[in-house]
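Residue numbers (my numbering): 3 to 97. Note sheet for the following structure.
Listed below in structure tokens is the structure:
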């Protein structure tokens, strides 16, 4: 779980939403689980769709666009998601 959280934090997400990325691995994993619980509790959108290179994924998002993604069967956590950005791909936004 820590790896996916770290990638989102390093790609410019707001510490105000994701929380800080410091402390022991146990602290980081606890923070990541708290974020996931919050996303699940507040989710207003769920979808199953295809996202290269992961294939079919299950995704949830909250009203302000933050979210998380898992493998279709839920067995693998893929990572946290930032809100959508208009023309994101042309501006260099990446999954």
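Ideal Cβ positions, reconstructed from N, Cα and C, are used throughout, including at glycine.
Check                                                                                                                       : Outcome
Residues of its chain near residue 45, where Cβ-Cβ distance is below 7 Å and the 5 sequence neighbours each way are ignored : 62, 63 and 64
Status (buried if at least 16 other CB within 10 Å, exposed otherwise) for residue 86                                       : exposed
Beta-carbon separation (whole angstroms), residue 72 vs residue 60, contact threshold 8 Å                                   : 5 Å
Residue environment, residue 50, which counts as buried when at least 16 other CB atoms sit within 10 Å                     : exposed
Where residue 31 sits in the DSSP three-state scheme                                                                        : helix
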